[in-house]
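J.: Encoded as structure tokens, here's the structure I'll be asking about.
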Amino acid sequence: EIVMTQSPATLSVSPGERVTLSCRASQSISSDLAWYQQKPGQAPRLLIYGVSTRATGIPASFSASGSETEFTLTISSLQSEDFAVYYCQQYKNWPLTFGGGTKVEIK
Amino acid sequence: EVQLLESGGGFIQSGGSLRLSCAASGFTFSNYAMSWVRQTPGKGLEWVSAISGSNSYTYYADSVKGRFTISRDNSKNTLYLQINSLRAEDTALYYCAKDLRSYGGHAFDIWGQGTMVTVSS
Chain A
1 EIVMTQSPAT LSVSPGERVT LSCRASQSIS SDLAWYQQKP GQAPRLLIYG VSTRATGIPA
61 SFSASGSETE FTLTISSLQS EDFAVYYCQQ YKNWPLTFGG GTKVEIK
Chain B
1 EVQLLESGGG FIQSGGSLRL SCAASGFTFS NYAMSWVRQT PGKGLEWVSA ISGSNSYTYY
61 ADSVKGRFTI SRDNSKNTLY LQINSLRAED TALYYCAKDL RSYGGHAFDI WGQGTMVTVS
121 S
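Read top to bottom, the protein sequences are chains A and B.
Just so you know, the numbering used here puts 92 at position 92 of the first sequence, and the rest follows in order with no gaps.
Just so you know, the numbering used here puts 80 at position 80 of the second sequence, and the rest follows in order with no gaps.
In structure tokens:
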């Protein structure tokens, strides 16, 4: 099983700041990585797949990069609606696995 | 509007069985693989099971293999998860999720709102 590790667990950020979240895979997953955003009481929402392709309706303020085992999600200027938990997910191999999440909270 | 609506959750005793359903609308259901993903209250996401669009392939997490069975009825646009031999650790919010591909093993672009399963010992 591919283990996905996200860091940090919690990030305290002020609105308007740039934030970078990290995700590491226990083995190479090429570019088979997705990012999701989840707000309290809501289902996850797909942000990014294929490492850097934004899903439908996702603003350009969200960008992502990486390859093999190291990946990042960047939010260029944090808005109030961006405070949430972010998860990465690999789909290189079965079982599909998620990282433990990074909570982005208001500083 | 593309939508997934889960049902069938509830309170169940350890060792019991339950069948979850997920009604899909707004897209050609048979063209896409579907998965169940669960989330323990206050915790992260765990993929549980997937089924290809054509019903030909199924996949399971080791934690549920032999106890859970995923199926779909493309004529009814409905996904199912039969859960047997329930354990306390199966307590979670169960989401159904639409895969970006027909044969599965990709990202999930549409999620339902989830149905809660609570297992009491």
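For each residue, glycine too, the CB sits at the ideal point set by N, CA and C.
Quick caveat, the model's predicted, so the values are computed rather than measured.
(1) When you compare the CB positions of residue 21/B and residue 78/B, do they come within less than 8 Å of one another, or not?
(2) In this structure, how does DSSP classify residue 27/B when only helix, strand and coil are distinguished?
(3) With a cut-off of 8 Å on the beta carbons, I'd call residue 109/A and residue 105/B a contact; round off their distance for me.
(4) From this set, 5/B, 74/B and 43/B, which residue's C-alpha is nearest residue 9/A's C-alpha?
(5) Kindly list, in the order they appear in chain A, the residues whose Cβ is closer than 8 Å to that of residue 44/B.
(6) Between residue 180/B and residue 32/B, how many whole angstroms is the CB-CB distance? I'm expecting something under 8 Å.
(7) For residue 59/A, which residues from the same chain have a beta carbon less than 7 Å from its beta carbon, with the 5 sequence-adjacent residues on both sides left out?
(8) Quick check: the Cα distance between residue 80/B and residue 45/B, rounded to an integer number of angstroms?
(9) Do three or more CB pairs link the segment 21–32 of chain A to the segment 4–13 of chain B at distances below 8 Å?
T.: Taking the coordinates as given:
(1) Translated into the one-based positions of the second sequence, residue 21/B becomes position 21. Translated into the one-based positions of the second sequence, residue 78/B becomes position 78. Residue 21/B is a Cβ neighbour of residue 78/B, given a cutoff of 8 Å.
(2) By 1-based counting over the second sequence, the position of residue 27/B is 27. Three-state result, residue 27/B: coil.
(3) Outside the displayed span of chain A (1 to 107) sits residue 109/A, for which this structure offers no information.
(4) For the purposes of this step, residue 9/A is taken as residue 9 along the first sequence, with counting starting at 1. Taking only the C-alpha atoms, the option nearest residue 9/A is 43/B.
(5) To locate residue 44/B, count along the second sequence from 1; it is residue 44. Those within 8 Å of residue 44/B in chain A are 87, 98, 99, 100 and 101.
(6) This structure cannot settle anything about residue 180/B, because the visible part of chain B is limited to 1 through 121.
(7) Reading the first sequence from its first residue, position 59 is the one you call residue 59/A. Hits under 7 Å: none found.
(8) If you number the second sequence from 1, residue 80/B lands on position 80. If you number the second sequence from 1, residue 45/B lands on position 45. Going by the C-alpha atoms only, they are around 19 Å apart.
(9) With a cut-off of 8 Å, the segment 4–13 of chain B and the segment 21–32 of chain A do not count as touching, because too few Cβ pairs lie within range.
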